[in-house]
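Here is the structure we will look at, set down as structure tokens.
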Amino acid sequence: MVSIQAETYPIHFNEKAYNELAKHIVENAYSSIFILVDTNTIEFCYPRFIQLLETDKNIEVIQIDAGEVYKNMETCIGVWNAMTELGADRHSLLITLGGGVVTDLGGFVAATFKRGIDFINIPTTLLSMVDASVGGKTGIDLGVLKNQIGVFSNPKMIVIDPEYLHTLSEREIRSGTAEILKYGMTHDKNLFNQIKDNLHLNIITLIHRSIEIKNTVVLEDPLEQNVRKVLNWGHTIGHGIESYFLENASKENLTHGEAIAIGMVCEAFISNKLLNFPKEHLNDIKNTIISLFGKAEISDQDVPYILNYMKHDKKNVGGEIQFVLLENFEHFKINRRVSNVLIEESLMFYSR
Ligand code: GLY
């Protein structure tokens, strides 16, 4: 599988990626290597990783608790302290081995430690392989507000090893498919159809194509001034739902993918109303997402709370919520304003 060249770093695939990693470590003469894991990846991914990692450097492992609720400043302080106590210097390398929380938080920790040290992402979930680990966004949550604190900082390399996917539950795999569906709707309808037909058929090809799409977008607009906003398709409403469900004890827990899948149904509804996105595609999206993810309980009483969380979306300008909308599959518009009434209607469309 061919490597993909991102702005300043390569993305390597499968076992040959470990040779590139070993070469990179030798060429850069790092003083020491830190591996950031969480309570899941230390058990299920680290044994494979350490067996495949070839280096004679000193290695230290730093473990954080697994889960989105730990993607915060307290965890960062713990990691910075551990690195300091273990003698990390400006020539140390941080390898992040985990899902989106580990790669986002680890990248942020590395980008800010002693004004920035090198880091390499080894994503272990489908979601972080196709999205979180790629594109240089690093950061943490502020309370339940997602990714409010962070910096753009590119890793030195990404290693995509699909073997780690075997450690995931079916639910976690499905969560990642939401991001692949996103690329399908915005850039390549074939991807959307392939997920519908059989996700497991050729997962590495789907991952490779997703990264290719994301990389093309990021190369054009690395700092999300314009076209990169398309990658937030489904996320404007999706993040509002995710934060609301996270904070509300009476609501079931939703994964990131499940929340943005609902967001894509709602935003497809709004696209139909405002940009004539074809009705048959709207129905196709709703049916596909409900058959893949099931249906979450959202009532009209939830709407004001969801709207409230949406006020903190990073695309907002001057307090106005900005949407990505679709005219058709593969044809999108950014910076669209949408009334609260239409957002409410879209949530009710999902629910009925
Ligand atoms: N996850 C969206 C982006 O990286 O821009």
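What the sequence shown shows, in our numbering, is residues 1175 to 1526, in sequence order. Even for Gly, the Cβ is constructed at its ideal location relative to N, Cα and C.
Tell me the residue span of the alpha helix (DSSP H) that contains residue i.
| i | result |
| --- | --- |
| VAL1275 | 1274 to 1286 |
| HIS1265 | Per DSSP, HIS1265 belongs to no alpha helix (DSSP H) and is neither H nor E. |
| PHE1293 | No alpha helix (DSSP H) holds PHE1293; the beta strand (DSSP E) holding it covers 1292 to 1297. |
| LYS1437 | The identity of residue 1437 in the sequence shown is Gly, whereas the question assumes Lys. It spans 1430 to 1449 - the alpha helix (DSSP H) in which GLY1437 sits, taken as one unbroken run. |
| SER1417 | 1409 to 1421 |
| LYS1320 | First-last for LYS1320: 1319 to 1326, but that is the beta strand (DSSP E), not the alpha helix (DSSP H). |
| ARG1383 | 1377 to 1394 |
| LEU1456 | 1453 to 1467 |
| VAL1200 | 1190 to 1202 |
Count the other CB atoms within 10 Å of the CB of residue i; is the residue buried (16 or more) or exposed (fewer)?
| i | result |
| --- | --- |
| THR1258 | exposed |
| GLU1432 | buried |
| ARG1511 | exposed |
| ASN1406 | buried |
| VAL1491 | exposed |
| ALA1423 | exposed |
| GLU1248 | exposed |
Identify, in the order they occur along the chain, each residue of the same chain with its Cβ nearer than 8 Å to the Cβ of residue i, setting aside the five sequence neighbours on each side.
| i | result |
| --- | --- |
| VAL1401 | VAL1391, GLU1394, ASP1395, ILE1508 |
| GLY1261 | SER1206 |
| LYS1453 | ASN1446 |
For residue i, which residues in the same chain have their Cβ closer than 6 Å to its Cβ, ignoring the five residues on either side in sequence?
| i | result |
| --- | --- |
| LYS1330 | TYR1183, ASP1292, ILE1294 |
| LYS1460 | VAL1439 |
| THR1229 | ILE1199 |
| LYS1288 | ARG1264 |
| ARG1345 | none |
| ALA1180 | ASN1389 |
| GLU1518 | VAL1477 |
| LEU1420 | VAL1318 |
| VAL1283 | CYS1250, VAL1253 |
For the beta strand (DSSP E) containing residue i, name the first residue and the last one.
| i | result |
| --- | --- |
| GLY1241 | No beta strand (DSSP E) contains GLY1241, which DSSP labels as neither H nor E. |
| LYS1311 | 1311 to 1316 |
| GLN1496 | 1496 to 1502 |
| LEU1342 | Neither: LEU1342 is in no beta strand (DSSP E) and is coded neither H nor E. |
| HIS1486 | It is not in any beta strand (DSSP E) - HIS1486 carries neither H nor E in the DSSP assignment. |
| ASN1509 | 1505 to 1511 |
| MET1331 | 1331 to 1334 |
| VAL1308 | Looking at the DSSP string, VAL1308 is not in any beta strand (DSSP E), and its letter there is neither H nor E. |
Considering only residues of the same chain and omitting the five flanking positions on each side of residue i, which have a CB-CB separation below 7 Å?
| i | result |
| --- | --- |
| VAL1404 | THR1360, VAL1391, VAL1498, PHE1506, ILE1508 |
| MET1175 | PHE1187, ASN1188, ILE1378, HIS1382 |
| PHE1467 | ARG1348, GLU1432, ALA1435 |
| GLU1386 | ILE1178 |
Quick check: the region 1321 to 1331 against the region 1348 to 1360, are there 3 or more CB pairs under 8 Å? Flag = no, the region 1321 to 1331 and the region 1348 to 1360 do not touch.
Are the region 1328 to 1345 and the region 1289 to 1303 touching, with three or more C-beta to C-beta distances below 8 Å? Flag = yes, the region 1328 to 1345 and the region 1289 to 1303 touch.
*Any contact of the region 1234 to 1251 with the region 1209 to 1219, i.e. 3+ C-beta pairs under 8 Å?*
In the pairwise beta carbon analysis, the region 1234 to 1251 is classified as touching the region 1209 to 1219: at least three pairs are separated by under 8 Å.
Per the contact definition of three or more C-beta pairs closer than 8 Å, is the region 1218 to 1227 in contact with the region 1264 to 1278? With the cut-off at 8 Å, the region 1264 to 1278 and the region 1218 to 1227 touch.
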